[in-house]
Amino acid sequence: MIKRRKNGQLIVISGPSGVGKSTVIAEVMHRRDRLFFSVSYTTRAPRAGEQDGVNYHFVNEAEFERMIRENELLEYTRYQENYYGTSQKIIQEKLDAGVDVLLDIEVEGGGNVRRKNQGAALIFVVPPSIEELERRLYGRRTESDEVIQGRLRRAHEEM
């Protein structure tokens with residue numbers, strides 16, 4: 093008999109941009125009950141097809157900095173000139189209710205979560221190859237060459 097934990101499990105999925113984290117998460121969400129996907133906050137502009145509250149909570153820089161000052165974030169980082177972060181309150185409410193929580197955050201954010209929550213499970217997703225990662229990033233057609241090259245440099249560092 094499997095004994096259910098009183099509190100939920102915090103699970104972090106991280107890896108370089110374009111590696112396929114969203115695909116992995118979609119499959120896991122499809123297969124698991126009582127799993128909450130935490131939607132991150134960001135100051136970056138929405139990409140085509142993204143919806144506020146679904147892909148991200150899109151906020152301006154002043155609002156994000158207010159959230160930092162008032163300790164409302166479990167973790168946050170600045171990446172490609174934009175802030176990204178996770179609501180502490182929402183995560184804690186779900187964990188306290190016995191619901192497992194899944195986060196999709198970049199590598200630095202994953203490390204920050206690990207320091208604050210030793211019980212968090214961290215999963216790092218790697219691409220099949222750097223060439224495939226580059227193909228995926230360019231294939232999105234959502235960012236400039238300069239941004240993609242920055243993402244590729246960051247991927248090398250993260251791996």
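All letters in the sequence shown, in the order written, are residues 93 to 251 by the working numbering. We put the CB at the ideal spot given by N, CA and C, even for glycine. Only a predicted model underlies this, so the values are computations on that prediction, with no experimental measurement involved.
Neighbourhood of residue i by C-beta, 6 Å cutoff - its chain only, sequence neighbours within 5 removed
i	result
F128	K186, V191, V193
Nearest residue (CA-CA) to residue i, options the options
i	options	result
V199	R158, R243, I160, D237	R243
E164	Q180, E142, E235	Q180
A118	E162, Q184, T134, L195	L195
Y176	I103, I182, R136	R136
Pairwise C-alpha distance: residue j and residue i
i	j	result
E226	K98	42 Å
R233	G110	12 Å
E153	E167	16 Å
V120	V131	15 Å
G203	R158	23 Å
A247	D188	34 Å
E155	P220	38 Å
A213	G107	14 Å
V250	F216	In the sequence under discussion, the amino acid at residue 250 is Glu, which differs from the Val named in the question. Straight-line Cα distance between these residues: approximately 10 Å.
Q254	V239	The structure shown does not extend to residue 254, since the chain is modelled only from 93 through 251, so no value can be given for it.
F150	R170	14 Å
Residue i - partner residues in DSSP beta bridges
i	result
D196	I105
F129	L194
R170	Y175
F216	S106
H122	DSSP lists no partner for H122.
Exposure label - residue i; buried when at least 16 CB within 10 Å
i	result
V218	exposed
T115	exposed
G211	exposed
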